[in-house]
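Quick note, the numbering used here runs 33 ahead of the 1-based positions in the sequence shown.
The beta carbon of each residue, even a glycine, is placed where N, CA and C say it ideally should be.
Every value quoted in this text rests on a predicted model; they were computed, and no experiment measured them.
Encoded as structure tokens, the structure appears first; notes follow it.
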Amino acid sequence: MAQNSAGLAVVTGASTGIGAVYADRLARRGHDLLLVARNRERLEANAAKIAAETGRKVEVLVADLANGADVAKLAERLATDPSVTLLVNNAGVSLTGTLLDTDPAAVEGLMALNIVAPTLLAGAAGKAFLARNAGTIVNISSVLALAPERFDGVYSGSKAHLLNLTLSLAETLKGTGVKVQAVLPGATRTEIWERSGKDVDALLPGRVMDAGDMVDAALLGLDRGEVVTIPPLADEGLFQAYTAARLALTPFLSERDVAPRYRKAA
Ligand code: NAP
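Have a look at this one:
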């Protein structure tokens, strides 16, 4: 017999990979689930397995989150269903090539799925959570948000967007009962590599994390109240120093006067 629910967790991209692991772990933590992705068969198989193993209620929603109408439908659910306590913005794709050798439709599709959808979903959930002064938004970013020189900038830029969005929302929601977390995985063993024509082992031998380990670390970071969690980063001080250096710039970034080095010689 399942214990009382920790509320409904909505997980996008829950048909496989990191999202499927989140679904499993969140159900074991007492959440009922709404699993979202395009592949109905996989969603239903995951839902049946999790429901049987945990006794939680698991619903599926077949949706293409690169499609505005499907995003709007899910946003409406987030805005109006008071049982929702957690949103995991996880669905994402990467490109097979770079901006210079990729079909514009694929670039546009990535931006719709990786940027537009999670932003609108976070907005809908954030507003509803704030009205109830409770709820959590997890945005699955990437370490590439911090490393734009690696791989293509369309993907890393989409992940930097989620990091910025999270940092900004965390500031806006400070002092409320609403939590926000950005998770920055490094290379993680999932289908995303194969889907974008890459062999993860050939690319980064010995540097690929198991999806279960990644999600367990991210959930520990969430429990600790971290706004940014980077599961592979052993030396936390490096990220703290990076953040301190970035914040040290802030007071000097807007001035009436042009910086002396850009002034024409008289
Ligand atoms: P994955 O195994 O390829 O899974 C991606 C998930 O997103 C699947 O459930 C897929 O399901 C869903 N999805 C793809 N297109 C969609 C669409 N148009 N509408 C709705 N759902 C869609 O990838 P993953 O590695 O688990 O990726 C999860 C997140 O982690 C992504 O945001 C990715 O950028 C991020 N990440 C991954 C890594 C890594 O190395 N794996 C590293 C850093 C960050 P359907 O095909 O059924 O729709």
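Look at residue 297 here: in three-state DSSP terms it is coil, with no helix or strand label.
Contact between the stretch 77–87 and the stretch 103–112 is absent: fewer than three C-beta pairs spanning the two stretches fall below 8 Å.
Residue 45 is positioned such that its CB atom lies closer than 7 Å to that of residue 123. Taking the CA atoms as reference points, residue 43 sits about 7 Å from residue 117. Relative to the ligand NAP, even the nearest heavy atom lies 6 Å or more away from the CB of residue 101.
Looking at the DSSP output, residue 273 sits in no beta bridge, so it has no partner there.
Taking every protein chain shown into account, the CB of residue 294 has fewer than 16 other CB atoms within 10 angstroms, so this residue is exposed.
The C-beta of residue 154 has 16 or more other C-beta atoms within 10 Å across all chains shown, which makes the residue buried. The beta carbon of residue 115 is closer than 6 Å to none in its chain, skipping five residues each way along the sequence. With respect to the 7 Å criterion, residue 174 and residue 217 are classified as neighbours on the basis of their beta carbons. Not one heavy atom of the ligand NAP sits closer than 6 Å to the Cβ of residue 255. For residue 143, same chain residues with a beta-carbon under 7 Å away, outside a window of 5 residues either side, are 126, 128, 187, 188 and 191 in chain order. Following the DSSP letters along the chain, one finds residue 166 in no beta strand (DSSP E), marked with neither H nor E. The nearest non-hydrogen atom of the ligand NAP is 6 Å or more from the C-beta of residue 299. With contacts defined as CB atoms closer than 7 Å, residue 262 and residue 244 fail to qualify as a contacting pair. DSSP places residue 231 in the coil class of the three-state scheme, outside both helix and strand.
Annotation: the continuous alpha helix (DSSP H) that includes residue 113 extends over 101–113. Assigned with DSSP and collapsed to three states, residue 221 falls in strand. Judged by the Cβ position, residue 52 qualifies as a neighbour of the ligand NAP at the 6 Å threshold, a heavy atom of the ligand being closer than this. Three or more beta-carbon pairs separated by less than 8 Å link the stretch 161–177 to the stretch 201–220, which places the two stretches in contact.
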